[in-house]
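Numbering (the UniProt record's numbering), first residue to last: 1 to 72.
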């Protein structure tokens, strides 16, 4: 994933698809949910790995959630 896309991927209405294929709010809503409701963090990074002697690369989305949430 290009750096300019990584830096914008969680913006509302940002999409790399044709307008008829997506609204660009899915990752934005995911970030809002993780950050605000679950008090966690979500981020994306380029990732390379080896599996069955084949090199793969792509985007890796990481979600970090706290173990305990204060219940109110």
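Where a beta carbon is used, it is the ideal one built from N, C-alpha and C, also for glycine.
Span separating the alpha-carbon of residue i from that of residue j
i          : j          : result
residue 5  : residue 46 : 11 Å
residue 29 : residue 68 : 22 Å
residue 59 : residue 3  : 11 Å
residue 17 : residue 31 : 19 Å
residue 44 : residue 36 : 18 Å
residue 66 : residue 33 : 14 Å
Integer-rounded CB distance, given that residue j should sit under 8 Å from residue i
i          : j          : result
residue 48 : residue 57 : 5 Å
Residue of the options minimising C-alpha distance to residue i
i          : options           : result
residue 42 : 53, 54, 63 and 29 : 63
residue 13 : 61, 27 and 59     : 27
residue 8  : 20, 25, 21 and 54 : 25
residue 11 : 1, 23 and 19      : 23
Bounding residues of the beta strand (DSSP E) (the contiguous stretch that carries residue i)
i          : result
residue 58 : 54-64
Boundaries (first-last residue) of the alpha helix (DSSP H) holding residue i
i         : result
residue 5 : 3-6
For residue i, the residue or residues it bridges with in DSSP
i          : result
residue 33 : Paired residue(s): none; residue 33 is not in a bridge.
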